[in-house]
Structures are given as C-alpha cells and as structure tokens.
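Quick notes on the structure that follows.
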Amino acid sequence: MNYESPRILLFGHNGQIAWELRRSLATLGSVVTAGLDGADHELDLGDGDALRRLVHELNPGLMVNAAAYTAVDQAESEPELARRLNADVVGEMGQLGAALNCPVLHYSTDYVFSGKGDRPWKENDEPDPKSVYGKTKLDGERALLASRADCLILRTAWVYGGRGRNFLLSMQRLFREKDSLGVVADQFGAPTWSRLIAEATAQLLAQCRTADGGFSFGEHREEIFHLSAEGQASWFDFARAILDAGNESCRLEPLATGEYPTAAVRPAYSVLNNNRLWQVWGIRLPHWRESLALCLEERDG
Ligand SMILES: NC(=O)c1ccc[n+]([C@@H]2O[C@H](COP(=O)([O-])OP(=O)(O)OC[C@H]3O[C@@H](n4cnc5c(N)ncnc54)[C@H](OP(=O)(O)O)[C@@H]3O)[C@@H](O)[C@H]2O)c1
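So the sequence shown is residues -7 to 293, counted in the working numbering.
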C-alpha cells in the first residue's frame, strides 16, 4: 500500500451532498473541491476548457461529481444549461477519467423513471424521464458509461439535510409562517438524508482501494446502483413527519398533483429498490423516518 494520500477531486462544494462529502471522504484521501462559490478551485462547469485544464493540472486519483443543475422546474425553461451541466460535462469527466486512468463516481436521480407503477424501481428497469431535468440526468449517465472510464453511478432520491435548498428546510420555514399548508399527497418516493448518502459513498469507496493506494470499481465498473432510504412516503407524509417532530401548529392539507401545478412533470412513484447496494457492497440506508429523526436530533441539539 502506498502511504501517500490520493487526491480526490470533488465537483461541488456547498451543495447538499458535496458539503457532506467533504467530511465523509476526508478519511479516504486529500479532498479538493471545484465549484462556484468558496471551492478550493473556482470552476464553472459550463466552461469545458477550464474543466480540462483543472483535471490535467491536479491529476487526481478519483473524481466524485456531486455538482449538477438541480432546479427541476427551472430546467424546463433553461434546457441548454441543464443539458450542459447534467449531460455534456459528465461525458467530458468520463473522457478525462478514461484518458488519465482516474475513476469517476457520479450521482443520478430517481427522476430518470416515468413514475408509472407501484413497485420499487430496479437499476435495470427501463428509464423514461418526463422532465428536462430527468432527461438530461439520464443522458449524463449514458455519456459517462459511453466514455469507458472506470466509473460508477449512484442514483439517489428526494435529498434533504441541514443545509441547502431542500424540502425539510422549506417545510420548517413554512410551518413558522403559515397556519395551513397544502402538500402533494399522490407522489411517492424515499426522502434521503444527504449525510447518509455521503457516508454510504465513503463506505463504498473504502472497498474500492487498489494495492497501490488508488481506487478502482473493479468488476463493478460502469454499473449503476440505487442508494436511497428504505420505506416510502408521499410529500404529505414527509411534511407530516417533520411537523410532528417540531413545535409548530400548522394545519396540513393533502393535495393532488393537479392542485399544485409545477413547470416540470414529476414521477408519481419513484421509490428505488436498493437491494443491489446491499448485496454487492453490504450497505443499506435506514428507513426514512429513522434517518429523519437522526437529522432532526442533530439540528435540535
Ligand atoms: N436534491 C435532490 O433531491 C436530488 C435527488 C436525486 C438526485 N440528486 C442528485 O444528487 C447530486 C447532488 O445534488 P444536491 O442536491 O447535493 O445538489 P445541490 O444542493 O443543488 O448542489 C448543486 C451543486 O452543483 C454545483 N454546481 C451547480 N452549477 C455549477 C456550475 N455551473 N459549475 C460548478 N458547479 C456547479 C454547486 O456548486 P457550489 O457548491 O460551488 O455552489 C453545488 O455544489 C446531483 O447529481 C443531483 O442530480 C439530487
């Protein structure tokens, strides 16, 4: 084993998952971030030349991409930018990874699925995204796989945590501001804490060390794994659990999707089946209610 710490280039710095990864990956190597605001290396991923220059300059032992265009509704009116950041850039990362012999770990989404059905989606179920965000994320998966880099894709879902733009923080604010609130009750997914995504990622990567101290996904290179909390919830169920855990007294009303129009179509049922993650890596996230309790305990503490 080489005792020199490998350089891990993390795309994203303040994002929900990136922020947690900066902590969770710190035991695996020397993490340097590239992103828009406050990152170790300022990088607009829209600039392909800057991306290439940075990757060649740093010559990392692993790239982890937690950056993306994640504004699901806004993507409908900015499809070119969403495509650039979610698809083209991911393909370029793969090409750089293949050329420099540097593995690439990338995140994707439950929104690659149509949402039709009532059985948790498996990795090899046919994707059929209905939004610009979902389509561009699927194209990003395909571009990365086509690059033939030593890569792995983790599809996660309904991410929340103590920082960033997310449903938990929005609900906590709205409960303070409003006496009643309508929340969509006919879309189902698995609310997943950003902290546990990052910790599961680190546990997976710890199993991918090579004899020379680097990383390789080995026989699982170019594979996709689902990584989300166990159980399922509607947004209404999730809101109810957040409300019940707090001190606010807001009245919650269940809404049908049609009563809460949004620019992007969201899947009605996007629960992921995480069995392969358990079978191959021995990693399983707890039930979403258990994770939410842990997250809230920290925020209250
Ligand atoms: N949020 C969800 O519910 C959800 C669900 C399923 C899958 N995912 C996937 O999980 C991954 C992480 O999502 P997240 O929720 O952590 O995202 P997020 O909180 O919205 O953060 C987005 C990240 O992308 C970076 N970024 C955006 N535009 C950039 C640009 N032009 N140049 C450089 N960096 C840029 C930001 O960089 P800075 O830190 O520098 O600002 C930030 O770190 C993404 O692949 C997303 O598709 C998210």
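Glycine residues also receive a C-beta, built at the ideal position from the N, C-alpha and C atoms.
Query: So, with DSSP's three-state summary, where would you put Cys242?; Result: coil
Query: So, is Ser220 buried or exposed, given that buried needs 16 or more other C-beta atoms within 10 angstroms?; Result: buried
Query: Going by DSSP, what residue range makes up the beta strand (DSSP E) through Tyr103?; Result: First-last for Tyr103: undefined, no H or E at that position.
Query: Within 8 Å of any Cβ in chain B, is that where the Cβ of Cys143 sits?; Result: In the displayed structure, chain B is absent; only one protein chain is listed.
Query: Hey, could you find the ends of the beta strand (DSSP E) Ser262 is sitting in?; Result: Run containing Ser262: none; DSSP gives neither H nor E here.
Query: For Ala237, I'd like the list of residues in its chain whose CB is within less than 6 Å of its CB, leaving aside the five on either flank, ordered along the chain.; Result: Leu288
Query: Does Trp150 pass the burial test, meaning 16 or more other C-beta atoms within 10 Å, or should it be called exposed?; Result: buried
Query: I want to know whether the segment 202 to 214 touches the segment 250 to 264 - three or more CB-CB distances under 8 Å.; Result: no
Query: Can you find a heavy atom of ligand 1 that lies under 7 Å from the Cβ of Ser186?; Result: yes
Query: Is it right to say Gly19 is buried, meaning 16 or more other beta carbons lie within 10 angstroms of its own, or is it exposed?; Result: Gly is not the amino acid found at residue 19; the sequence shown has Thr there. Result: exposed.
Query: Tell me whether Ile275 sits in a helix, a strand or coil according to DSSP, three-state version.; Result: coil
Query: Closer than 7 Å to a non-hydrogen atom of ligand 2 - does that hold for the CB of Gln8?; Result: The model on display carries ligand 1 but not ligand 2.
Query: Could you check if Asn78 is buried or exposed, using at least 16 other CB atoms within 10 Å of its CB as the buried criterion?; Result: buried
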